[in-house]
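Top line first, the protein sequences correspond to chains A and B.
Under full-length UniProt numbering, the first sequence has 189 at position 189, and the numbering climbs by one with no breaks.
Under full-length UniProt numbering, the second sequence has 269 at position 269, and the numbering climbs by one with no breaks.
Number of protein chains: 2
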Amino acid sequence: MLEAKYKKIKHAIKSKILEGLINPHEKISSESELMKKFSVSRHTVRLAIGELVNEGWLYREQGAGTFCADRANIESNKRTNKTQKNIAIVTTFISEYIFPSIIRGAESYLSENGYHVSIFNTHNEYEKERQILTTLLTGNYDGVIIEPTNSASANPNLNYYLQLENMNKPFVMINAVYDELEPISFMLDDVQGGFLQTEHLIQLGHQNIVCMHKTDDSQGQKRLKGYIKAHRKYNVPIDPKNIVTYNTLDEMTKPVEELEKILSRKINCPTGLVGYNDQLILNVMQIIRDKDLSVPKDISVVGYDDSPLAELSEVKFTSVKHPKSQLGLDAAKAIVKMVENQQPGKIIDIKSITYVPELNIRQSTSNFKSGLIIS
Amino acid sequence: MLEAKYKKIKHAIKSKILEGLINPHEKISSESELMKKFSVSRHTVRLAIGELVNEGWLYREQGAGTFCADRANIESNKRTNKTQKNIAIVTTFISEYIFPSIIRGAESYLSENGYHVSIFNTHNEYEKERQILTTLLTGNYDGVIIEPTNSASANPNLNYYLQLENMNKPFVMINAVYDELEPISFMLDDVQGGFLQTEHLIQLGHQNIVCMHKTDDSQGQKRLKGYIKAHRKYNVPIDPKNIVTYNTLDEMTKPVEELEKILSRKINCPTGLVGYNDQLILNVMQIIRDKDLSVPKDISVVGYDDSPLAELSEVKFTSVKHPKSQLGLDAAKAIVKMVENQQPGKIIDIKSITYVPELNIRQSTSNFKSGLIIS
DNA sequence: TTAAATTATTTGTACGTACTAATATTATAT
DNA sequence: ATATAATATTAGTACGTACAAATAATTTAA
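Okay, structure coming up:
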C-alpha cells in the first residue's frame, strides 16, 4: 500500500480547509457521504476524521454532524496555554455564614462539569476588588461569579467589569447588582423580603417596629425600602428613631449600642424588630435577655436568611427564607452555559432570576395585645 | 450503557499511571492481553489506548508495544513558563461552620502573596477524593493544603499522594493526617482536647459523663481517646452505655435518638456530657430543654471548637478552643515556603505544628453537687 | 560465537455488521 | 400559527474478521 486510504481522505479534507473552501463552523460531509465519495468503509472515514479532530481541524457533534473548527480560536487558546477550565467566585466576606451554602451549591455543579473553582474575597473594599478584577483579567479564568462589593454605592471599578466583557470572560452577579452593567444576576427580591418582615409584624398588631439594616450593600437598602413600603401600605406612621442603619465598619458596635438606647426608652418602647440577618437577630435577642425582656412576649423579632441559626436558639425565630444553595447552583449553571456557548453567531438565552422571598414563621413573633405565640 | 467500556479501560490505565504503578517508558500490556483482561474486542482496546495517546499519557511503537509517556517532562515544562501561581485547598465539607475560618486564614495570606486559591471538597468520599487528586496531579497547581478524607480508616488513595511528591507538588495536611505519609501537618492535639473536656467535668465532681463523637475521622477517635484517658487518670469507671459514636451518614439522626434514650433512663442518668463539636452541643441543649431539664443545673455540657455558636445560645457553653484561622494561616505560610524553595539541594526546615488545646469555660458547666455556676 | 533467516508478537490499516444516543427534520394535532 | 409527536439523520459504541508492517525473540547456518 503506497499510502493509507485514511490518510488520503484526511489530506483531502485538510486541503479543503486550508484552501478556504470550508468556513469555520461549516458542516462537512457526513460519514456516510464520505464513505460513498471515497468508496471506503465507515471505519476508515472515522479514522481520518478522528485524527483531524485530534489535530484541531474539525469537531464532531453527535446527531448533528462534523464541522470545521475555528482555527483562529484554537491558536489563541494555545497562546494562553489553556488546558484547564476555571471559574472564579468572588464574594465580599468568606466569614459570612451564608457564604458556605452558596459556594457549596456552585462548587458541586462546577466540579461535576470539569471546572476548577477559585475563590476570592474583597473584604468589601474597592481597592481589593480592583486587584482581584485585574487578576481575573490577566489570569486563566473562563468565567466569573461575583458578589458586588459595596453595592449600594457607585462603583469606581465599572471599567474593569466592561473589560471582562471585552475579553470574552462572561460574568454573573449574585445577591446584588451594579445597575449600570445590566448583568445576568441571581438575587432575592430584597424589597419584598423587607416588606414581608414588616407586614407580618403589622398584621400581628404591632405599630412600633424597629428596623436594623446594614446599608452599605444594596440588599440592606432594599430591605429598608420594604420596611417603609409596608408601613405606607398599612398607613402606619414611621418613627425615624426606629430606623437604625450601620455598615461594615461599625457593625460590631453600632447595632448593639443603638438597641440598648432604644430599649431604655421610657416611652414609646418598641414591640417589634426586623433585622438585616439572623446573626444580628441572635445578638439582638442576647441584649433583650440582658434587659430582662422576653421574646416574643415583650418584643417580636424577625430575622433574614432563614439560616440554621434561626433554629438553634432557644426561641426559634421567624426569618425570611434565602435560597442560598439554589442561587449558587443557578449561577453556576448559567456561567457554564455562557462559557460553553461563546462561539460567535450562537445566540443563547440566559435569564436572570429574582427569587421571591417567603417568611418562615416560628416562635419569635406573636400578637401584640395578647402576647400569645403564633405557631 | 452506564459508562462506555473503552472509557473504563482508559480510566483503569490512567489510574495505574497516576498511582505510579507504571513508570515512564515502561511497556504496558499488549492489545491482545488487554482484550483478555477486560473481555472486549480489539477495537475497544484500541479506542481506549488511542485517546490516552492523544492526551499524552501513552505512546505506541508498531511492532514493539505501547509505552507509558514521560509525563513529568511535559508538566515541568508547562510549569516553568507559566505565570499564574495556584494553591488548592481540599476539604471534606464546605458546609461545616469551621471551614470558613480556616479558608479565611489561608486565603488572605495566599492572595497577598500572589497565589490564587482553588477549593475542592470530597464529601468525605474516597471516590471524589481520587477524582480531585487526579485533577491536582494533571492540573496547574503548585501546592496543596488538604484535609484528609475519612481519616480514621486506611486510605486507598495513598499512591496518589505519593505521586504528588514525585511530581514536585508539595502538600500539607490540616486537622488530621494519614500516618503512613508522615506529612507536614497542622492540627489540634485532639486527644488532649478530649481529655480537657472530660477532666473539667470530673474535677467538678461529675462521675457519669456521656460522650458523643463522630468517629469516621481521626479527630473524633482521638477525642474519644482523651475521654477515656481522663477517666483512667482520675480512676473514674466508664459506663460503656455512655459512649455514643456516629459518622457522616447518620449524624443527623443517631446522636439525637441515642441522647433521648439516655436522658430517659430511670437510673444512672448522666450529669455531664462532652460532644464532638459545638453544632452537636446546640442540638443536645435543645433536647435537654425539651425534656424539661436545664443546663447546667441538671446536666453540664462541654463543646468543641469554641465557635461563635458557643456564645450565641442563651446558656453560653464551655468549649475547647480551636485555632481555626491560625491553622489556616500557618498551613498557607508553610505551603508557600515549600513551593518557593523547591530548588534541588536547598534544604528547608518546615515544622509540623500541633496546637495545644485550651478550655474556654463558660456557663454550661457547674459543680455536680451544688449546682452553682462556675464563672 | 556470530550472523542470517525464520518465527512470533505487536501495532497499523481496512473491511464488515449492529445497535445506541443525540440532534434535526417532518408530519400531526391542537 | 404553534406546540407535540414521529421519523430520519448523524455520530458514538462495540462486536467481528483479515491482512500488512514493524519489531522482538528464536532458530539455523556459517
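Idealized CB from N, CA, C, for every residue including glycine.
Buried or exposed for residue i, please, with buried defined as at least 16 other CB atoms from any protein chain shown within 10 angstroms of its CB.
i: residue 42/B; result: exposed
i: residue 334/A; result: buried
i: residue 21/B; result: exposed
i: residue 365/B; result: buried
i: residue 203/B; result: exposed
i: residue 290/B; result: exposed
i: residue 264/B; result: exposed
i: residue 292/B; result: exposed
i: residue 372/A; result: Legend: pLDDT at residue 372/A = 41, less than 50; position of this residue unreliable, no value from coordinates given.
i: residue 199/B; result: buried
i: residue 11/A; result: exposed
i: residue 59/B; result: exposed
i: residue 170/A; result: buried
i: residue 3/B; result: exposed
i: residue 18/A; result: exposed
i: residue 48/A; result: buried
i: residue 15/A; result: exposed
Return helix, strand or coil for residue i, following the three-state DSSP convention.
i: residue 97/B; result: coil
i: residue 359/A; result: strand
i: residue 305/A; result: strand
i: residue 11/B; result: helix
i: residue 44/A; result: helix
i: residue 325/B; result: helix
i: residue 3/A; result: coil
i: residue 78/A; result: Only weak support is given to the placement of residue 78/A: the predicted model assigns it a pLDDT of 44, under 50, and the value that follows is read from those uncertain coordinates. Looking at residue 78/A - three-state DSSP - the assignment turns out to be helix.
i: residue 121/A; result: strand
i: residue 376/A; result: No statement about residue 376/A is possible, as the shown extent of chain A runs from 1 to 375 and does not include it.
i: residue 126/B; result: helix
i: residue 341/B; result: coil
i: residue 21/A; result: coil
i: residue 86/A; result: strand
i: residue 315/B; result: coil
i: residue 115/A; result: coil
i: residue 347/A; result: Confidence in residue 347/A is poor, its pLDDT being 49 and thus under 50, which makes the residue's placement too unreliable to answer from.
i: residue 26/B; result: coil
i: residue 58/B; result: strand
i: residue 286/B; result: helix
i: residue 295/A; result: coil
i: residue 63/B; result: coil
i: residue 366/B; result: strand
i: residue 300/B; result: strand
Less than 8 Å between the CB atoms is what I'm expecting for residue i and residue j, so what's the real figure, rounded?
i: residue 274/B; j: residue 285/B; result: Contact flag wrong, Cβ pair sits at about 13 Å.
i: residue 178/A; j: residue 164/A; result: Between residue 164/A and residue 178/A the Cβ distance is about 12 Å, and since that is not below 8 Å, they are no contact.
i: residue 45/B; j: residue 61/B; result: Contact flag wrong, Cβ pair sits at about 16 Å.
i: residue 93/A; j: residue 54/A; result: Residue 93/A to residue 54/A, Cβ: 46 Å. No contact.
i: residue 302/B; j: residue 197/B; result: 4 Å
i: residue 300/A; j: residue 201/A; result: 6 Å
i: residue 13/B; j: residue 67/B; result: Contact flag wrong, Cβ pair sits at about 12 Å.
i: residue 109/A; j: residue 259/A; result: Going by Cβ atoms, the distance from residue 109/A to residue 259/A rounds to 40 Å, so no, they are not a contact pair.
i: residue 272/B; j: residue 209/B; result: 4 Å
i: residue 304/A; j: residue 223/A; result: 7 Å
i: residue 88/A; j: residue 118/A; result: 5 Å
i: residue 336/B; j: residue 113/B; result: 6 Å
i: residue 268/B; j: residue 239/B; result: 7 Å
Can you determine whether any heavy atom of the ligand NAD sits closer than 6 Å to the C-beta of residue i, and answer yes or no?
i: residue 124/B; result: This structure lacks the ligand NAD; in fact it carries no ligand of any kind.
The stretch 186–203 of chain B touching the stretch 345–359 of chain B, judged by at least three CB pairs closer than 8 Å: yes
Alpha helix (DSSP H) segments (min. 4 residues) lying fully within the stretch 133–184 of chain A: 158–166
Ordered list of alpha helix (DSSP H) runs contained in the stretch 177–248 of chain B, each at least 4 residues: 190–203 and 218–233
Stretch-stretch touch, CB-based, cutoff 8 Å, three pairs: the stretch 243–253 of chain A with the stretch 210–219 of chain A: yes
Contained beta strand (DSSP E) runs [length at least 3] in the stretch 251–284 of chain B, N- to C-terminal order: 272–275
Touching by the beta-carbon criterion (3+ pairs, under 8 Å), the stretch 298–314 of chain B and the stretch 304–315 of chain A: yes
Stretch-stretch touch, CB-based, cutoff 8 Å, three pairs: the stretch 139–149 of chain B with the stretch 119–129 of chain B: yes
Validate contact between the stretch 320–333 of chain A and the stretch 225–233 of chain A using beta carbons, cut 8 Å, 3 pairs: no
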